[in-house]
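A short write-up of the structure that comes next.
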Amino acid sequence: MDTRKLRYFVEVAERENISEAARVLNVTQPALSRQVRAFEEEMGWELLVRSGKAISLTRAGEVVMREGRRILRSVEAGEARMRREVEGAELRIGFAPSLAGGIIEKAMAVFCQLHPSVSIRLQDSTTEEMWQGVRSGTLDLIVEVATGDQDLHWETLQRRDIRVAVPKGHRLERRRKIRAEDLDGERLLLLSRVDYPNYWRKVTEFFAEHSVNAKVAGEFDGISSLSMGLNAGMGLAFVAVGSVLPKQVKVLKLDPEPEPICVAVGWLAKRKLEGWEEVFVNELKRVAVG
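Each residue of the sequence shown is one higher than the one before, counting from 28 in the numbering used here.
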């Protein structure tokens, strides 16, 4: 089967218009008509019903259009794999620095020695950007708080406990741990509900469960800007264990402790990972437990 002719036929079949298909394919209308007729002769089936300028699909045409789409997607995926093998692959990763920066950095150090021909492109992303990227195919892997979404496959890396970061000079600074009721009336600093919706959900669920009436004094797009708020004494902050914070900030346990955050690496469930992607995932898991 000539895949070029198949591509021409699928374009015509989807649009049911030779002129529009010719414009999209950047060929002349007569040339496209000849190619489609040649494809019909090659297959031995009548695929189109032509009536003046109007065209419609026969039953065989509907089947060939449906299966042709699958064949073309498979061919394009194979071509992409060949290009990666010959020209060198690129691994595209979306991540939240406050959760995964250290893990990714350590995994890269070993991975680059194992696969020097594979380049890595990191994208500091919000949750929404990561989800859009992995679904559209512009990201291969994302490192984020795991969810129950069935479209994604998750491999757990770490379970990170939530703590309260207390700025220097705060009245709770000398406590060994902070009770839920101690937060009542306090000014709290949180990561943005837009950029970190899973984190935000866990924190607000904790507030509701323990009837904490606190005031959100600021939302921040990352741990660096949140640290600035802590340094300025704007309030307390909810952070995951391992977050890089100013030295003068004290990190205390909560009583009772909130449900930990599950940091995981995810990818589209329907997609089989390439060999080098599996290596990187395994390296992430090794580093995370180490």
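Ideal Cβ placement from N, Cα and C applies to all residues, glycine included.
If you compare alpha carbons, which of the options is closest to residue i?
| i | options | result |
| --- | --- | --- |
| V306 | G160, L141 and M70 | L141 |
| T183 | P287, R203, K274 and L263 | P287 |
| G269 | L300, I189 and G293 | I189 |
| L118 | V161, R61 and I82 | V161 |
| A87 | F66, G293 and S78 | F66 |
| D176 | V221, R187 and N225 | N225 |
| R23 | K32, D211 and G71 | It is not possible to answer for residue 23, since the shown part of the chain is limited to 28 through 317. |
| K312 | S252, W181 and F233 | W181 |
Taking 8 Å as the threshold (C-beta atoms), are residue j and residue i in contact?
| i | j | result |
| --- | --- | --- |
| P283 | A207 | yes |
| A192 | L257 | yes |
| K204 | K280 | yes |
| V290 | L300 | no |
| L84 | M92 | yes |
| L216 | W227 | no |
| V51 | I45 | no |
| V170 | A127 | yes |
| V54 | F36 | no |
| A296 | D222 | no |
| A173 | E310 | no |
Exposed or buried, what is residue i when buried is set at 16 or more other beta-carbons lying within 10 Å of its beta-carbon?
| i | result |
| --- | --- |
| E69 | exposed |
| R34 | buried |
| P273 | exposed |
| Q56 | exposed |
| G164 | exposed |
| G262 | buried |
Would you mind reading off the limits of the beta strand (DSSP E) that contains residue i?
| i | result |
| --- | --- |
| T183 | L179 to R187 |
| R77 | L75 to S78 |
| V292 | I288 to L295 |
Terminal residues of the continuous alpha helix (DSSP H) containing residue i?
| i | result |
| --- | --- |
| Q159 | T154 to S163 |
Does the contact criterion of 3 or more C-beta pairs under 8 Å hold for the stretch 148 to 158 versus the stretch 114 to 128? These segments touch.
Assess, as a yes-or-no matter, whether the stretch 192 to 205 is touched by the stretch 231 to 247 under the definition of 3 or more beta carbon pairs within less than 8 Å. Three or more Cβ pairs closer than 8 Å define a contact, and the stretch 231 to 247 falls short of that threshold against the stretch 192 to 205.
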